[in-house]
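Top to bottom, those sequences are chains S and L.
Under our numbering, the residue at position 367 of the first sequence is numbered 367, and the numbers go up by one with no gaps.
Under our numbering, the residue at position 37 of the second sequence is numbered 37, and the numbers go up by one with no gaps.
See structure below.
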Amino acid sequence: MSLKNTYDVVIIGSGPGGLAAAVEAKKEGAQDVLVIERDAELGGILLQCIHNGFGLEIFKEDLPGPSYAQRYIDESLTLGVETLLDTIVLEVTPGRKIFASSKQHGFVEIDARAIVLAMGCRERTRAMIQIPGMRPAGVYTAGTAQRFVNIEGYMPGKKYVILGSGDIGLIMARRLTFEGAKVERVLEILPYLSGLTRNYVQCLQDFDIPLMFEHTVKFIHGKDRVEAVEIAAVDKNWKFIPGTEEVIPCDTLLLSVGLIPENELSRQAGVELDPITGGPFVDESRQTNVPGIFAAGNVVHVYDLADWVTMAGYEAGKGAAKYAMALRASETAHIPIIAGKNVHHVVPQSINVRSLEEEEIELQLRVLKPIEDRTYVEVHDGENQIARRLMRYVRPGEMNTITLKPSHFADVEKASSITVDVYPR
Amino acid sequence: MVEKRKLICISCPVGCELTVTIDEDKIIEVEDNACKLGLDYAEQEIFDPRRMVASTVKVKNGYHPLVPVYTEHPIPKPMIKDILVEIRKVEIEAPVKTNQVVLENVLDTGVNIIASRDLPKA
């Protein structure tokens with residue numbers, strides 16, 4: 001695929017938010033739409049969410065994540081959305097220039113009339129919740145384990161403890177059970193479930209996997225590999241309650257302890273972040289404080305359902321397309337001024353037609369050959385005269401001018417270029 | 001004998017906590033359901049509980065070593081384990097198309113196992 005220098009809308013990320021933005025931007029009339037994805041295929045994290053439950057809001061169907069993604073992948077390609085895969089965006093500037101490193105194209109520089117940030121979110125890690133203990137292999141975020149099991153075909157372990165009752169943790173408890181592993185326990189530090197109730201029912205209850213509220217991991221045991229985790233009950237201030245400790249032998253600890261909007265690129269672009277959500281401040285069209293930069297989905301705040309991310313993507317895609325098309329219109333309102341008969345050059349070389357609506361524009365020119373008699377300087381659009389000025393003579397050594405007035409706007413607006421000729425009366 | 005049972009409806013992400021009144025083999029009343037999906041769910045869950053099952057099957061010469069698959073319709077809950085055993089036996093050849101049947105009428109349930117994405121050749 002050949003890459004253009006300038007796109008109407010560039011979308012960073014191809015999960016549900018990014019693909020929805022791409023589809024909607026096209027439908028709204030944006031001509032050149034590009035999705036940049038760091039993975040080698042479109043779909044984002046939906047590809048590893050092989051369980052059902054997607055599409056209930058949008059399609060009124062119960063689809064697995066990959067099927068849900070496939071619909072938007074197919075639709076965006078049918079609409080002519082361009083894609084740049086295996087490409088990591090290095091920087092986005094406030095002026096909407098994008099620098100990226102691509103497997104196929106090397107270092108690339110792209111100008112965007114509008115950008116949609118759709119980088120999604122990242123999982124909180126062990127370091128971010130500071131679990132004490134050894135540092136053996138066998139501690140994974142639930143999403144990492146999900147990718148191993150569902151896409152790459154590896155089982156991270158045989159006996160699991162899962163910390164956190166977020167949806168990915170619950171879904172993985174069932175998935176690992178399906179693959180023959182034993183999930184010994186799911187722990188939640190809060191007194192209530194973090195994920196959806198339906199996931200508690202069909203992922204834990206159906207398989208008799210025990211869930212303990214107000215419990216967390218106190219210590220990770222094992223030198224090279226996790227050998228056990230010590231758990232304990234906590235009080236309202238999350239302090240361990242002495243005497244409640246229990247050691248659970250296991251080889252793997254999964255963490256499902258929250259998601260954080262991923263905004264490293266947003267920050268570089270000068271996008272202001274809300275300290276509460278961790279994502280950009282946005283308006284109803286999902287535009288950030290930087291004009292022309294929009295954001296949608298988990299990059300703004302973490303959603304429960306992919307369907308809602310898709311809807312946010314639609315809003316952002318629509319806003320971005322409108323912004324881009326307005327910008328394109330103001331760019332194409334520039335028309336060239338051509339040096340015609342007996343004219344050496346004209347300055348300015350082009351004009352923004354819109355500005356003629358409100359003010360006069362003086363064209364300055366120099367002739368090629370002297371005419372020592374009455375002479376016309378004429379401005380025309382190739383067929384019709386727009387303005388004409390009578391001179392007593394013209395000489396290359398003396399600059400001439402002719403002025404376009406707001407009364408000429410209607411004629412100039414229709415022209416694709418205008419020409420200045422100088423000829424004897 | 002009239003019996004009351006608590007169920008959590010899994011038809012949608014709302015997760016209503018239903019109270020179902022059952023008399024022998026008949027549901028007399030469903031309470032606390034936010035929509036009519038709750039009525040169907042209670043009927044199904046009490047007399048013939050079913051689940052959607054999603055897993056993966058091995059793929060030869062594919063871009064990935066696995067392709068995700070799922071049951072086209074919910075299957076009886078007590079059969080989940082046996083169906084997973086059948087799914088594990090399957091190995092298909094790339095390329096794979098979305099909705100391609102990878103296992104027909106699994107264990108005579110009348111339900112096909114189908115692929116949930118396109119998977120090109122490696």
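Every residue gets a Cβ at the ideal spot worked out from N, C-alpha and C, and that includes glycine.
Residues bridged to residue i [DSSP beta-bridge criterion]
i, result
"Gln44 of chain L", "For Gln44 of chain L, which the question treats as bridged, DSSP gives no partner whatsoever."
"Leu404 of chain S", "S:Ile361"
"Arg225 of chain S", "S:Ala137"
"Met212 of chain S", "S:Leu187"
"Asp421 of chain S", "S:Glu378"
"Asn352 of chain S", "S:His334"
"Tyr70 of chain L", "L:Ala54 and L:Ile114"
"Asp111 of chain S", "S:Thr6 and S:Lys97"
"Cys121 of chain S", "S:Pro261"
"Ile371 of chain S", "S:Val394"
"Ser159 of chain S", "Residue 159 of chain S is actually Lys in this sequence, not Ser. For Lys159 of chain S, which the question treats as bridged, DSSP gives the partners S:Lys182."
"Lys81 of chain L", "In the DSSP output, where bridge partners are listed per residue, Lys81 of chain L has none listed."
"Arg88 of chain L", "According to DSSP, which records beta bridges pairwise, Arg88 of chain L is partnered with nothing at all."
Inter-residue Cα distance where the pair is residue i and residue j
i, j, result
"Ala410 of chain S", "Met325 of chain S", "22 Å"
"Val343 of chain S", "Tyr376 of chain S", "12 Å"
"Pro280 of chain S", "Met1 of chain L", "58 Å"
"Glu246 of chain S", "Gly258 of chain S", "24 Å"
"Arg135 of chain S", "Tyr70 of chain L", "37 Å"
"Asp48 of chain L", "Arg198 of chain S", "18 Å"
"Leu482 of chain S", "Ile12 of chain S", "The shown model of chain S, from 1 to 425, leaves out residue 482 of chain S, and the question about it has no answer."
"Cys203 of chain S", "Arg174 of chain S", "5 Å"
"Cys9 of chain L", "Ala21 of chain S", "32 Å"
"Thr4 of chain S", "Ile110 of chain S", "Note on residue identity: the sequence assigns Lys, not Thr, to residue 4 of chain S. About 8 Å."
"Arg328 of chain S", "Phe148 of chain S", "44 Å"
"Ala306 of chain S", "Ala42 of chain L", "26 Å"
"Ile63 of chain L", "Gln146 of chain S", "The residue asked about is misnamed: residue 63 of chain L is Tyr in this sequence, not Ile. The alpha-carbon atoms of Tyr63 of chain L and Gln146 of chain S are separated by roughly 18 Å."
"Val234 of chain S", "Gly243 of chain S", "11 Å"
"Val23 of chain S", "Val346 of chain S", "44 Å"
"Leu63 of chain S", "Ile351 of chain S", "54 Å"
"Ile418 of chain S", "Gln349 of chain S", "10 Å"
"Pro249 of chain S", "Lys159 of chain S", "8 Å"
"Ile171 of chain S", "Glu61 of chain S", "19 Å"
Counted within 10 angstroms of its Cβ, other Cβ atoms place residue i as buried (16 or more) or exposed
i, result
"Arg392 of chain S", "exposed"
"Val139 of chain S", "buried"
"Pro68 of chain L", "buried"
"Ile241 of chain S", "exposed"
"Thr401 of chain S", "exposed"
"Thr332 of chain S", "exposed"
"Leu103 of chain L", "buried"
"Gly120 of chain S", "buried"
"Gly65 of chain S", "buried"
"Gly43 of chain S", "buried"
"Pro291 of chain S", "exposed"
"Ala339 of chain S", "buried"
"Ser266 of chain S", "buried"
"Met79 of chain L", "buried"
"Lys26 of chain L", "exposed"
"Thr141 of chain S", "buried"
"Asp251 of chain S", "buried"
"Lys218 of chain S", "buried"
"Met128 of chain S", "exposed"
Residues near residue i by beta carbon distance below 8 Å, same chain, minus five either side
i, result
"Ile22 of chain L", "Val2, Glu3, Lys4, Arg5, Ile28 and Ile46"
"Ala118 of chain S", "Ile11, Ile12, Gly13, Ser14, Gly15, Gly17, Gly18, Ala21, Ala295, Ala296, Gly297, Val299, Gly313 and Ala316"
"Pro76 of chain L", "Asp48, Pro49, Arg50 and Thr109"
Close-in-space but distant-in-sequence residues of the same chain around residue i (CB under 6 Å, 5 per side omitted)
i, result
"Ala25 of chain S", "Val9, Val33, Gly317, Ala320 and Ala321"
"Thr56 of chain L", "Leu66 and Pro68"
"Val108 of chain S", "Ala100 and Ser102"
Which listed residue (the options) has its alpha carbon closest to that of residue i
i, options, result
"Gln48 of chain S", "S:Glu152, S:Gln104 and S:Ala333", "S:Glu152"
"Val116 of chain S", "S:Gly65, S:Asp381 and S:Tyr7", "S:Tyr7"
"Ile231 of chain S", "S:Asp224, S:Lys223 and S:Leu211", "S:Leu211"
"Pro471 of chain S", "S:Ser256, S:Ala114 and S:Ala233", "Outside the displayed range of chain S (1 to 425) lies residue 471 of chain S, so it cannot be described from this structure."
"Arg354 of chain S", "S:Leu363, S:Ile335, S:His345 and S:Gly340", "S:Ile335"
"Leu286 of chain S", "S:Ile276, S:Pro275 and S:Val299", "This sequence places Arg at residue 286 of chain S; Leu is not what is there. Here the closest residue by C-alpha is S:Val299."
"Val53 of chain L", "L:Ala94, L:Gly62 and L:Val85", "L:Val85"
"Ser407 of chain S", "S:Thr419, S:Ile418, S:Arg374 and S:Glu359", "S:Glu359"
"Leu255 of chain S", "S:Ser76, S:Asp208 and S:Gly169", "S:Gly169"
"Pro13 of chain L", "L:Val30, L:Leu37 and L:Gly62", "L:Leu37"
"His301 of chain S", "S:Val282, S:Thr277 and S:Thr288", "S:Thr277"
"Glu398 of chain S", "S:Val367, S:His221 and S:Val420", "S:Val367"
"Lys236 of chain S", "S:Thr252, S:Glu214 and S:Glu227", "S:Glu214"
"Val183 of chain S", "S:Val201, S:Phe207 and S:Gly222", "S:Phe207"
"Pro95 of chain L", "L:Leu119, L:Leu18, L:Ile87 and L:Ile83", "L:Leu119"
"Arg185 of chain S", "S:Leu196, S:Pro156, S:Ser165 and S:Pro191", "S:Ser165"
"Val226 of chain S", "S:Ile162, S:Ala30, S:Gly106 and S:Arg122", "S:Ile162"
Beta-carbon contacts of residue i that lie in its chain and below 7 Å, excluding the five residues immediately before and after
i, result
"Lys97 of chain S", "Glu109 and Asp111"
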